[in-house]
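Residue numbers (this note's numbering): 12 to 477. From the three backbone atoms N, C-alpha and C, an ideal C-beta is built for every residue, glycine too. Please read these numbers as outputs of a predicted model, since none were measured by experiment. Data block below; observations after.
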């Protein structure tokens, strides 16, 4: 079954597409922090400006500035300037004396603004310091897509920034992201919509992306009603690196395979595919084509490398399905190719695994539905390969959801980074126990730092091998 083209939507299908697009917009806005539209009362004043490419910037400076400037990189969504992860974090940081700044990125292109974000952040730093003077210390902070921007700043910012704090960062980069998402989408299309042509890449419009999201989500919803369908949903979830722990639920037991699948289905039912397809459309806009492919992928080998393989095998056995046959079908019909120029552009603009110039502390929730925690494993391997492993520390919060950090967890991580920058040593400041003590001592909104080792990211190919 070709998985790249389909006839134009009928009027009925267009209505479905528009409904899915509304779901996509809701998903984007609820997954990301709200833009900083108004100055915080804890700030002495709000500074604003516009950069040469049309990007806007904002800065908040407290009355008693402690000399540290935090440069915040916001996540995927509307290109509106933000200078903190959440309003509550902004208020607390200003109360502690930090100055805050951040840019919108270039508003004239895709929301996947990686071709301008790093440049705009450095330009914002120049503009703000021209107004308030040279900081004693500058630290970069980034969240989600902004976590990838933040990793780029940590890679290139020596002499301009002193350290970086990443939150739920998309640090594996755009091509890894699009590839493992393609594997999940392709699995749903091939196994749950047999005989149908489903457009999975090279979307012409946002409505096309929304139509695909609606079609795939509908297939998953229908499949959840049978054991065979649930087994195949689990297979797609494994390729998506989707956590088996959803909001408002207790974590399923280690061998509660059906319970795990039910909570993976929760994520699908909440509209994750609308976010995935909308993100793909934005990335393709930004990089000039499709940067994902599955031709040559061995899906049996891909599943074997997933931490969720035991769950998938158990559910297939219980359903009386032949897993090997499904994996052969996926492998034999995997024909999607990438646009080499788009892959090169994504590698240049939308990756950050080439090393570090300054210390970087990354924090991640253990059950992140949009940016899987396994991305930290992929990123750490690249940093170590570059010889910069000593500059990187990673910390984990036991919680469901994307960027679902408390204010206390964020501030404690910032203080741990400051210890590394100030002393030249991490010591034990970034260990789970130390971060938990530090966060709890703030008396704010609680913390859940835990020892954790993320599994390998299930992706199965490298951007260098198109």
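- Straight across, the Cα-Cα distance linking residue 70 with residue 113 is about 7 Å.
- Under DSSP, residue 375 forms a beta bridge with 407.
- Scanning 164, 370, 241 for the CA closest to the CA of residue 327 turns up 241.
- The three-state secondary structure of residue 98, taken from DSSP, is helix.
- In this structure the region 316 to 332 does not touch the region 358 to 370; the number of beta carbon pairs closer than 8 Å is below three.
- Residue 137 is not a Cβ neighbour of residue 64, given a cutoff of 8 Å.
- Excluding residues up to 5 positions away in sequence, 440 lie with their Cβ nearer than 6 Å to the Cβ of residue 430 in the same chain.
- Listed as beta-bridge partners of residue 148 by DSSP are 79.
- Under the three-state reduction of DSSP, residue 155 is assigned to coil, being neither helix nor strand.
- Here residue 173 is buried: its Cβ has 16 or more other Cβ atoms, across all protein chains shown, within 10 Å.
- Contact between the region 310 to 319 and the region 256 to 268 is not established, with fewer than three Cβ pairs separated by less than 8 Å.
- Within the DSSP bridge table, the entry for residue 202 names no partner.
- Of the candidates 457, 296, 428, 295, 428 places its Cα closest to the Cα of residue 176.
- Comparing C-alpha distances from residue 287 to each of 220, 171, 81, 104 shows the shortest one belongs to 220.
- In this structure, the alpha-carbon of residue 282 lies about 28 Å from that of residue 458.
- Shown here, residue 449 sits in a helix according to DSSP, grouped into three states.
- With at least 16 other beta carbons inside 10 angstroms of its own, residue 387 counts as buried.
- DSSP places residue 176 in the uninterrupted beta strand (DSSP E) bounded by 174 to 178.
- It is roughly 7 Å from the alpha-carbon of residue 200 to the alpha-carbon of residue 227.
- Our two residues, residue 180 and residue 371, have alpha carbons roughly 12 Å apart in a direct line.
- Residue environment for residue 385: buried (at least 16 other C-beta atoms within 10 angstroms of its C-beta).
- A check of alpha carbon separations from residue 119 across 319, 306, 322, 297 identifies 297 as the nearest.
- For residue 425, the enclosing alpha helix (DSSP H) starts and ends at 418 to 434.
- Contact check between the region 95 to 104 and the region 411 to 427: three or more CB pairs, one atom from each, fall below 8 Å, which counts as touching.
- Of the other Cβ atoms in all chains shown, fewer than 16 fall within 10 Å of the Cβ of residue 352; this residue is therefore exposed.
- Straight across, the Cα-Cα distance linking residue 273 with residue 462 is about 26 Å.
- Ranked by Cα distance from residue 270, the options 278, 280, 279, 256 are led by 256.
- Inclusion of residue 305 and residue 357 in the CB contact set at 8 Å is not warranted, their separation being larger than that value.
- The shortest CA-to-CA distance from residue 250 to any of 98, 299, 322, 171 is the one to 322.
- Residue state for residue 298 is assigned as helix, using DSSP reduced to three classes.
- Among the bridge pairs identified by DSSP, residue 195 is matched with none.
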